[in-house]
Amino acid sequence: MKGKRMQMFKVCSQKETEVFAEKLGEILNPGDIICLTGNLGAGKTAFTRGLAKALGINNHITSPTFTIVNEYEAEIPLYHFDVYRISSPDDMFEIGFEEYLYGDGVSVIEWADLIYDILPLESINVRIDISSRTNTEERVIEVEFKGNRYLGYEEKLLDKWSLYGGNNEDTCG
Ligand SMILES: Nc1ncnc2c1ncn2[C@@H]1O[C@H](COP(=O)(O)OP(=O)(O)OP(=O)(O)O)[C@@H](O)[C@H]1O
Ligand SMILES: [Mg+2]
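Taken in order, the sequence shown gives residues 69 to 241; the numbers are from this note's numbering.
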């Protein structure tokens, strides 16, 4: 499909998940939207922490479990959603979901798959999977840049990740 690009990455620790997210964060622009999926404890909040760091946000990042969204002020603000507990997509419109999405910040949505029907057509989709039973810190991160808005992002991310020396071996040490 045109304008749809997918890449797989491997990380070996929480720290490395955060570094990976930071590399992605460095290439983001105002209005970009990141949809995060992955099981409980996969590392979605850890990933968001790395993104925040790249935006120059040094606050402690925790999931906005009861408030749905946490806002962090910065040159490019961060809107951090966690939709795990919403009862209906209508809850999202009540908190002004669309104003956030089309605002000047970067939006990150944990458990985005739960509100699939109301997600924008273009987004950066990040899926984190606990990949190994033996190494509990190993994760596979699948990144899809969906839509023309994100043309060129994949190349930039790959460059940054290889410059960092990111691990893409089959297993972690
Ligand atoms: N490679 C890794 N990346 C991220 N977290 C890791 C990794 N390896 C181990 N962990 C651990 O997994 C947990 C991830 O927690 P985190 O809150 O980020 O997950 P989550 O996907 O946001 O969970 P939830 O679905 O509850 O929101 C932490 O305890 C972290 O230390
Ligand atoms: Mg979380």
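Quick reminder that beta carbons are idealized off the backbone N, C-alpha and C, glycines included.
Legend entry - Residues bridged to Cys103 [DSSP beta-bridge criterion]: Beta-bridge pairing links Cys103 to Ile177, Asn193.
Inset, instruction - Would you check if there are 3 or more beta carbon pairs closer than 8 angstroms linking the region 210–222 to the region 146–154? - result: Counting Cβ pairs under 8 angstroms, fewer than three are found: no touch.
Inset, instruction - Could you tell me if the beta carbon of Ser175 falls within a distance shorter than 7 angstroms of some heavy atom in ligand 2? - result: No, the Cβ of Ser175 stays beyond 7 angstroms of every heavy atom of ligand 2.
Inset, instruction - Give the straight-line distance between the Cα atoms of Tyr168 and Asn107, rounded to the nearest whole angstrom. - result: The straight-line gap from Cα to Cα measures roughly 25 angstroms.
Legend entry - Cβ-Cβ distance between Gly111 and Ile196 below 8 angstroms: Going by C-beta atoms, Gly111 is nearer than 8 angstroms to Ile196.
Legend entry - Closer than 7 angstroms to ligand 2: residues, by C-beta to nearest heavy atom, in chain order: Every residue whose beta carbon comes nearer than 7 angstroms to a heavy atom of ligand 2 appears here in chain order: Lys112, Thr113, Ser131, Asp150, Glu178.
Inset, instruction - Please work out which residues of its chain come closer than 6 angstroms, Cβ to Cβ, to Ile129, disregarding the five sequence neighbours upstream and downstream, and give them in chain order. - result: Answer for Ile129: Thr116, Arg117, Ala120, listed in chain order.
Inset, instruction - Tell me where the alpha helix (DSSP H) around Asp172 begins and ends. - result: Neither: Asp172 is in no alpha helix (DSSP H) and is coded neither H nor E.
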